[in-house]
Amino acid sequence: MKTIFCLLMTIVMGLVFSCAYQFPEVEQGTSMVNRKIGEAEALVFKKKYLKAEKQFSMLLKEFLPGSQEHEIVLYNLVLLNLDCNNPYADSAKAKKYLEEFVKIYPQSHYRTAIYIVERMRKDNHDLKSCKMELDRLRRALKVRDKSIKKLQSEIEAYKKIDWEREEKKRQIQR
1 MKTIFCLLMT IVMGLVFSCA YQFPEVEQGT SMVNRKIGEA EALVFKKKYL
51 KAEKQFSMLL KEFLPGSQEH EIVLYNLVLL NLDCNNPYAD SAKAKKYLEE
101 FVKIYPQSHY RTAIYIVERM RKDNHDLKSC KMELDRLRRA LKVRDKSIKK
151 LQSEIEAYKK IDWEREEKKR QIQR
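Residue numbering for the sequence shown follows my numbering, starting at 1 and increasing by one per position.
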């Protein structure tokens, strides 16, 4: 189940990251920005999550809030911290970045993708919690079944003792 979820997340993340910065290259500065963002995104695909987060964080400081570049970098930071393949993913950071993103960019078309990924991650977490609860209940059921079997064997032993006593009483009465 986790493999399927991570595969879906990887596909969604790939689509999302590949569409993240599609703005025209008008001048040299813009292509430099595209290159920097592209390098950071490439680190994600190479599974160098810590380096990617560091680079995105540096880029976030470079751009003014409200700019398209800032929006894209912040968006990537949210997704990076929601990525189930990222062993360093931090839900608290993702939440912080998401709140900042929604505050600065309330009308962004990236919000839908973020909410989808966030929902998938939450659903995965819920599935894990349910699986852990199910495992706990199975263990408790095994313990209960062992106790029942033990009690049944004790009852059988007591029945045998009672039967033997009844037999002795009958023999004495004859």
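Glycine is no exception: its CB is placed at the ideal position from the N, C-alpha and C atoms.
What you are looking at is a predicted structure, and each value in this text was computed from that prediction instead of being measured.
I believe residue i touches residue j by the beta-carbon criterion, under 8 Å. Please report the beta-carbon distance rounded to the nearest angstrom.
i, j, result
"Leu50", "Leu77", "Between Leu77 and Leu50 the Cβ distance is about 13 Å, and since that is not below 8 Å, they are no contact."
"Glu100", "Leu74", "6 Å"
"Val33", "Glu71", "Between Glu71 and Val33 the Cβ distance is about 12 Å, and since that is not below 8 Å, they are no contact."
"Asp83", "Ala89", "6 Å"
Could you spell out the range, first to last residue, of the alpha helix (DSSP H) harbouring residue i?
i, result
"Tyr88", "Here Tyr88 belongs to no alpha helix (DSSP H), and DSSP marks it neither H nor E."
"His70", "Gln68 to Leu82"
"Arg138", "Tyr110 to Gln173"
"Phe56", "Tyr49 to Glu62"
Starting from the Cα of residue i, find the closest Cα among the options and give me that residue.
i, options, result
"Gln55", "Leu43, Lys47 and Leu64", "Leu43"
"Asn86", "Ala94, Tyr110, Lys47 and Ile104", "Lys47"
"Gly66", "Arg144, Tyr110, Tyr105 and Ser31", "Tyr105"
Check: Does the count of Cβ pairs from the segment 78-87 and the segment 116-128 closer than 8 Å reach three?
Finding: yes
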